[in-house]
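Worksheet for the structure shown next.
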Amino acid sequence: MIAAKRRAILHWAAVTTFVGPFLLMLLMFQYVPVVRMVWDSLWDFALLNPDKRTFVGLGNYLDAFDDPDRRQAFAVTFGFAFGVVCLVIPISFFIAIYLNGRLPARAVVRTVVFLPVVTSSVVIATMWVFLLDPTNGLINGAIAMMGFKKLAFLTSKAQALPSIIGMMVWQQTGFATVLFLSGLQGIPRDLEDAARVDGCGWWQRLRHVVMPLLGRTTVFVVVIMTVFSLQAFAPALIMTGGGPEGTTDFIAFDIYQLAFALQQPGLASAISTLFMLVVMGVSLLQMRLMRSEWSY
Amino acid sequence: MKRASVLAGAALVLVVILVVFLGPYAWIVASSFKPQFEIFRDLNPISWATFIPANPTIANFVHLFVNRGVGRALINSAIVSSCQVGGTLLLCAMAAYGLTRIRFRGANFVFGVVLMTFLLPIESLMVPLYMHVANLGLQDTLPGVFIPWIASPFGLFMLRQAFEDLPRELDEAATIDGAGHFRIFWSVVLPNVRTTLATLALVTFLFSWNAFLWPLVVIASPRNQVIQLAIAQSVSIGQLPNWGETFAGATIATVPLIVLFLFLQRYFVRGIALTGVKG
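Heads up: the protein sequence lines correspond to chains A and B, in order. Residue 0 is where the first sequence starts when you use numbering that gives the first Met the number 0, and the numbers rise one by one after that. Residue 0 is where the second sequence starts when you use numbering that gives the first Met the number 0, and the numbers rise one by one after that.
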């Protein structure tokens, strides 16, 4: 009896020792902030003096929906994510096809395409500020050399967001390529060989054998790229400051500005809560799609 | 004939990829060894001089270290990243051991709670997390930069998988020999998952070294700056940046990672592909 009790105590002592520290830290730094965020979103206060607060209920949420600037931030961020996904998917897919074939210099291509993935978003944003410089940038240098007129890029209302989309595509292509490549390597070789024996050309094999089998991988890549793009922050802070005229005001940057520059953490928390729900929704959709049986 | 056209197409793709992906790096690194007027001069028109400095000078780098405190920022980044890697490995490995090797009621529930955090976008948590960390007195300190992230759900997920794949006969044999949990954890399980530990260490290092938003929020004083903050500051909007110096900073911040990446490419690619699971 006593021995059994002793064993139970030892057992739970071991569980607590091994799992406890992790759980404690996770609760403290992930779950507590989430609860706090939802709670704070119901109040009006300043970061400098958080104890002096007035309860506003859902007021912050109503403000967020009413304010055209906030609506613009959501529109900009989703437009950005949409643009990135539309470009990254085809580009990385074809690079993955290239890498999966028996073509020369595969290792070099894989390494080179992956370089931006290990480079920080700060360095990439910094590089691109200068690449896109209206007068002395490398890209305008190339454009001028080919005899065209230099472009304004980040300083133009119409070109700023597309420029940042281009940068993000450059940054994320390597990651998406690796994901596609592992999907391609999961396709049995004999399937393609069978199609070849039946007289299918390269394009037909790609269109009717490879692409249908990559449905799951594609959904996966689309969702990851969407979630990554929705969280973009550094480009707005480093390259444009959200401008010109709010055309690159990403949600994460908007939240940062509202909370830390404009001292409205209540409103920022309300937007954060909405933003979190949106991103979680996209991720949940991913899990659903990943779990459902795809016809293989 | 057909083979030749395929090869020509492949060569074209290869050249485009090399130019698009290497060109920016080559320009930044080459320009970091040039004074400002040479950077502008060598751009009109673009030639070999754009990408290879004719009279390389290390003045930009010297100025960064002497006047801009980049040395301090590099040391801070190294401290933060190594602590984050060490803390993450220890905490995640212990939790993974507890979840896979000590059978207890509620283990699945605990893992579910951990998996749920996969869905949380860090970007949305910065405001409450900042207030929370400030309450703990950790704002504007180096521990404040890494402590919130060492309980990494991704790390636990990755290690749990590796621990599950390890045959249980190994630790059962050790138990019969009279080894306790700590012995089994340290001398039986850990040595057998070295590759996974190394992969997790690399990915954690990469994330920690490259992190920007959280350090920006939590750090205020220059002496606690990490390298990404130092670079971001040199391009901050509204002031005229010194091109060569900014490029030198970007080069310094990136070269350590690229060297690591070139040597350990396989682990990087595998680890980062796995982070996709987190999304």
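All residues carry an ideal CB built from backbone N, CA and C; glycine is no exception.
- L90/B sits close to P20/A, with the two beta carbons spaced by under 9 angstroms.
- Beta-bridge analysis with DSSP links W42/A to F54/A.
- Under the three-state reduction of DSSP, N48/A is assigned to strand.
- Nearest to G68/B by C-alpha distance, out of A161/B, R222/B, F156/B and I16/B, is R222/B.
- It is roughly 10 angstroms from the alpha-carbon of A3/A to the alpha-carbon of L9/A.
- In terms of beta-carbon proximity, L128/B lines the interface with chain A, with at least one pair separated by less than 9 angstroms.
- F17/A places its beta carbon less than 9 angstroms from that of F184/B.
- Under a criterion of Cβ atoms nearer than 7 angstroms, the residues of chain B adjacent to P49/A are, in order, M130.
- Ranking F113/A, F44/A and L288/A by CA distance to the CA of Y24/B puts F113/A first.
- Comparing alpha carbon positions, the residue from G143/B, T198/B and A106/B closest to L259/B is T198/B.
- Taking C-beta atoms under 8 angstroms as the contact rule, N48/A and G265/A fail to qualify, at a distance of about 13 angstroms.
- With a 10 Å radius around the Cβ and a threshold of 16 neighbouring Cβ atoms, M157/B comes out buried.
- The beta carbon of Q170/A sits closer than 6 angstroms to the beta carbons of P115 and I123 from its chain, once the five residues preceding and following it are set aside; these are given in chain order.
- For Q184/A, the enclosing alpha helix (DSSP H) covers residues A159 to Q184.
- Here M125/B is near A258/A, since their CB atoms are less than 9 angstroms apart.
- Between P120/B and T239/A, the alpha-carbon positions lie close to 23 angstroms from each other.
- In the DSSP assignment, S207/B falls within the alpha helix (DSSP H) that extends over R193 to N209.
- Of the residues T225/A, Q230/A, V281/A and L190/A, the one whose Cα lies closest to the Cα of P211/A is L190/A.
- If you draw a straight line from the Cα of P89/A to the Cα of F81/A, it is about 13 angstroms long.
- Between N59/B and S31/B, the beta carbon gap of about 6 angstroms places them in contact (Cβ cut-off 8 angstroms).
- With respect to the C-alpha of Y129/B, the residue from L288/A, A267/A and G78/A having the closest C-alpha is A267/A.
- In terms of Cβ geometry, L212/B and A72/A do not form a close pair [threshold 9 angstroms].
- In this chain, H207/A is not harboured by any alpha helix (DSSP H), its DSSP state being neither H nor E.
- Membership of P67/A in the alpha helix (DSSP H) is indicated by the continuous run P67 to N99.
- Residue S207/B holds the alpha-carbon nearest to the alpha-carbon of T118/A among S220/B, V15/B, S207/B and W148/B.
- In this structure, Q262/A and L46/A form a Cβ contact; the two beta carbons are roughly 5 angstroms apart against a cut-off of 8 angstroms.
- For A92/B, the uninterrupted alpha helix (DSSP H) run begins and ends at V69 to R100, by DSSP.
- Each of S151/B, L261/B, A231/B and I226/B was checked against the Cα of F64/B, and the nearest Cα belongs to I226/B.
- If the five residues before and after L73/B are omitted, its C-beta is found closer than 6 angstroms to the C-beta atoms of I226, all from its own chain and listed in chain order.
- Contacts between I96/A and chain B, judged by CB atoms closer than 9 angstroms, are missing: the closest CB pair is about 10 angstroms apart.
- One thing to note: T125/A has its Cβ no nearer than 9 angstroms to the Cβ of T194/B.
- Between the beta-carbon of V84/A and that of T176/A there is about 14 angstroms, and that puts the pair past the 8 angstroms contact cut.
- If you draw a 10 Å sphere on the C-beta of N54/B, you find fewer than 16 other C-beta atoms in it, and that means exposed.
- Sixteen is the threshold: when 16 or more other Cβ atoms of the shown chains lie within 10 Å of the Cβ of F145/B, as they do, the residue is buried.
- The Cβ atoms of N99/A and L180/A lie closer than 9 angstroms to each other.
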